[in-house]
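What follows is a short report on a single structure.
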Amino acid sequence: MVSNEPSETLGVASDALTVQNCVPLSATSVLASGDDGAGSVATNTFDDKLDTRWSGPGKGAWIDYDLGSVKSISGAAIAWHQGNTRASNFTLSVSSDGMSYTQVYSGKSSGTTTAAETYAFTARSARRLRITVNGNTVNDWASIAEARVCGASSTGSGSGVVWRGDFETGDRSQWSKTQMVSADRLQVIASPTRQGSYAIKATVRQGDNPINSSGNRNELVRMTNEKEGDEFFYRWNTMFASNFPSAKTWQLFTQWHHSGDSGSPPVEFYVNGETIYLRVQGSTVVWSTPLVRGQWQDFIFHVKWSANSSVGFVELYHNGQLVLPKRNVATLYSGQTNYLKVGLYRNSSIAQEGVVYHDGWIQGRSLQDVQ
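Each number in this note's numbering comes from the position in the sequence shown (counting from 1) with 725 added on.
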């Protein structure tokens, strides 16, 4: 096949690929759905040369990397051919047998750089990673200069891990304190769990008001004390019970509360009706998704804490996909710090019992730390 893909080089050095936020795993072999018939073959994508490439014709063209054995995979670093002049639409899928694949990421390259961009997802055990390209903003070709499969951090639990609140102690001792009317409202349980041996079940009934404040609540508190200039990643898992109330009012399940006593928190995850929201500064919704009951929801939340909206930002991965790219926004109130509250806090008008499960809390300084 004669390629209609432009052949000019990028004027970049042919040296080892530099990747960010990625621990590269060695691939033993690579396959592709096809190529241009003019030398732009699959093996070019791990020759450490940004001036060679693989080019596959048509939307749906794919390239597939075999690691030789099952390993923990947490992302892919991809340097796109002419990545500074066009954006490519693509998905990432993983497989343990080369036959059955699970999609773990869907997104679009930035269109601003020829350097490798890292696309992260919740770590999965798999042997193969497949990149499927559905055209770009110029044509329908798939064209990749270099690609690497990303694995877990070589430091294991991560040297940048700040705190764990995953309940693997079998109690609530990892947390600073509780705000609950009785111990059964924040109960450490062995089932259901998202990971490990324990999770916590948060229950709220109408009238639960352990701190004599507005609303009803039972919450765990961790004095994380985020201050101006701090930057952290947080990972956790939440599941809403199958009978979780459908109420057209607020029901918070995760919040970073300000050190002041009154007013809406600067960052809050909550349910209203049949929708989950992420809201900042008490009024700005930056992300939403339909409420799903009876299934674990996986969150990775990246925050730069600042009262300056041009410095602070939020970034969110939900169920292994980047759903909110970095967005600049104020994440602190001026002159204040934040702390974490997890459980269930809701409008006192809700009569039905509410149950939410939480698991896997970890705070770190990098994406690899929390994966």
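From the three backbone atoms N, C-alpha and C, an ideal C-beta is built for every residue, glycine too.
It should be emphasised that the depicted structure is a prediction, and the values quoted were computed from it without experimental measurement.
Do the region 895-909 and the region 817-832 make contact, defined as three or more Cβ pairs closer than 8 Å?
no
Same chain, Cβ closer than 6 Å to G783, neighbours up to 5 away in sequence not counted:
D865
Own chain residues within Cβ distance below 6 Å of V946, not counting five before or after
S901, K902, K1066
Does the Cβ of T918 have 16 or more other Cβ atoms within 10 Å, making it buried, or fewer, making it exposed?
buried
Compare the C-alpha of A767 against each of F969, R855, N809 and name the closest.
R855
Report back the beta-carbon spacing between S1091 and G1019 to the nearest angstrom; my notes put them in contact at under 8 Å.
At roughly 32 Å, the Cβ-Cβ gap does not stay under 8 Å, so S1091 and G1019 are not in contact.
Am I right that G1085 and W981 are in contact with their C-beta atoms under 8 Å? What's the rounded C-beta distance?
G1085 to W981, Cβ: 17 Å. No contact.
Y1094 - containing alpha helix (DSSP H), residue span:
This sequence places Asp at residue 1094; Tyr is not what is there. Unbroken alpha helix (DSSP H) run through D1094: 1092-1095.
Rounded to a whole number of angstroms, what is the C-alpha to C-alpha distance between L1016 and R1004?
15 Å
Do C875 and G793 have their CB atoms nearer than 8 Å?
no
Tell me whether G1079 is buried or exposed, calling it buried when 16 or more other Cβ atoms sit within 10 Å of its Cβ.
buried
Cα separation between Q1022 and A1076?
25 Å
With the cut-off set at 8 Å, would you say G808 and T770 are in Cβ contact?
no
In whole angstroms, what is the alpha-carbon distance linking T974 and S939?
14 Å
On a CA-only basis, which of G1089, V829, Y1082, L742 is nearest A1106? Give me that one, please.
Any question about residue 1106 goes unanswered here, given that the chain covers just 726 to 1096.
G883 to A763, Cα distance in whole Å?
Note that G883 scores 41 on pLDDT, short of 50, meaning its location in the model is unreliable and no value can be drawn from it.
Given a cut-off of 8 Å, decide if W787 and A757 are closer than it, judged by their beta-carbon atoms.
yes
Starting from the C-beta of H983, find all residues in its chain whose C-beta is less than 8 Å away, skip the five residues before and the five after it, and write them out in chain order.
P990, P991, L1057, Y1058, Q1061, T1062, N1063
State the CB to CB distance for the pair V863 and R811, rounded to an integer number of angstroms; the pair is presumed to be in contact (CB under 8 Å).
4 Å
Distance between beta carbons of F965 and G1089, contact taken as under 8 Å
With a Cβ gap of about 26 Å, G1089 and F965 do not count as contacting.
Any C-beta of chain B under 8 Å from that of V829
Any reference to chain B falls outside this structure, which holds one protein chain only.
Please name the residue in Q976, L817, Q1046 whose C-alpha comes closest to that of I803.
L817
R910, DSSP secondary structure in three states
helix
With DSSP collapsed to three states, give me the class of A763.
coil
On the criterion of 16 or more Cβ atoms from any shown chain inside 10 Å, does N941 qualify as buried, or is it exposed?
buried
Can you name the residues that DSSP bridges to N962?
D1023, D1084
For E993, the first and last residue of its enclosing beta strand (DSSP E):
992-997
Can you round the beta-carbon distance between Y995 and Q976 to whole angstroms, since I take them to be within the 8 Å contact cut?
6 Å
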